[in-house]
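**Q**
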């Protein structure tokens with residue numbers, strides 16, 4: 031679907047039109063026709079993705095309890111904080127609590143917001159809210175059909191080392207471990 035936006039300014043560019051190339055439940059691919067600051071016509075493709083949360087749960091012994099999940103797009107298992115999209119009408123904190131309970135069966139008494147950050151800022155509009163969860167209680171998972179998630183428990187210091195050495199590659203988890 032193409033939408034014409036004659037002359038709308040977006041930073042140094044002038045937006046001429048915007049086309050949705052593909053729409054999925056959690057993201058949209060856009061192709062915008064723009065004029066650069068020098069007047070050259072360019073197609074600028076970018077992705078708009080649902081906002082999300084990423085949680086670093088730490089138990090009373092100082093262990094990090096994080097997820098191990100096969101990531102189809104990467105073609106491998108990843109160790110990462112619990113993550114998920116923020117559903118319409120939910121707050122980031124409500125989504126974080128729901129995701130931690132569903133994916134690892136954990137509830138937390140104490141929640142600390144670590145900030146909200148953008149990813150791949152040149153080609154994607156996606157913000158993720160990071161949380162530290164403490165005072166953990168462990169229960170049963172409630173996974174969605176497409177999820178198969180295990181829990182990995184390790185000392186916080188080991189998780190930081192894995193993030194620094196490439197063993198934890200999800201950027202938001204690596205960032206959260208360093209805040």
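Residue numbers (our numbering): 31 to 209.
Glycine is no exception: its CB is placed at the ideal position from the N, C-alpha and C atoms.
Values in this document were obtained by computation on a predicted structure and should not be read as measured data.
1. Which same chain residues end up closer than 7 angstroms to residue 83 when comparing Cβ atoms and leaving out the 5 residues on each side of it in sequence?
2. Helix, strand or coil for residue 159, going by three-state DSSP, please let me know.
3. Any idea if residue 28 is buried or exposed, counting beta-carbon neighbours within 10 angstroms, 16 or more meaning buried?
4. Within 10 Å of its beta-carbon, does residue 73 have 16 or more other beta-carbons around it, so buried, or fewer, so exposed?
5. Hey, could you find the ends of the alpha helix (DSSP H) residue 132 is sitting in?
6. Just the C-alpha distance for residue 86 and residue 41, rounded to the nearest angstrom, thanks.
7. Tell me which residue opens and which closes the beta strand (DSSP E) that residue 45 is part of.
8. Please report the distance separating the alpha-carbon of residue 167 from that of residue 145.
9. Only counting the same chain, and skipping five residues up and downstream in sequence, which positions put a Cβ closer than 8 angstroms to that of residue 173?
10. If residue 186 sits next to residue 109, beta carbons under 8 angstroms apart, how far is it from one beta carbon to the other, in whole angstroms?
11. Identify the continuous alpha helix (DSSP H) that holds residue 191 and give its terminal residues.
12. Please confirm if residue 170 has its CB atom under 8 angstroms from at least one CB of chain C.
13. Quick one: residues in its chain with C-beta nearer than 8 angstroms to the C-beta of residue 65, no 5 flanking neighbours on either side, listed in chain order?
14. So, helix, strand or coil for residue 215, using DSSP?
15. Tell me the rounded alpha-carbon separation between residue 107 and residue 63.
16. Sort 80, 206 and 69 by Cα distance to residue 59 and report the nearest one.
17. Could you tell me the distance, in whole angstroms, from the CA atom of residue 147 to the CA atom of residue 69?
18. Who are residue 179's beta bridge partners in DSSP?
**A** Taking the geometry as given:
1. Contacts found: 113, 114, 116, 122, 125, 126, 129, 158, 159 and 161.
2. Here residue 159 sits in strand by DSSP.
3. An answer regarding residue 28 cannot be provided, because it is not within the stretch 31 to 209 covered by the chain.
4. Taking all protein chains in view, the Cβ of residue 73 is surrounded by fewer than 16 other Cβ atoms within 10 Å, so the residue is classified as exposed.
5. Residues 122-134.
6. Going by the C-alpha atoms only, they are around 35 angstroms apart.
7. Counting along the chain, residue 45 sits inside the beta strand (DSSP E) bounded by residues 43-53.
8. Distance between the alpha carbons of residue 167 and residue 145 is about 24 angstroms.
9. The beta carbon of residue 173 lies closer than 8 angstroms to those of 132, 133 and 179 in the same chain, with the five residues before and after it left out.
10. Incorrect: roughly 14 angstroms between the Cβ atoms, too far for contact.
11. 186-195 is the span of the alpha helix (DSSP H), which, as asked, contains residue 191.
12. The structure shown contains no chain C, having only a single protein chain.
13. Cβ within range, chain order: 43, 44, 46, 71 and 72.
14. There is simply no residue 215 to check, as the chain begins at 31 and stops at 209 in what is shown.
15. Taking the straight line from one Cα to the other gives about 38 angstroms.
16. Ranking 80, 206 and 69 by Cα distance to residue 59 puts 80 first.
17. Those two C-alpha atoms are separated by around 32 angstroms.
18. Answer is 99, bridged to residue 179.
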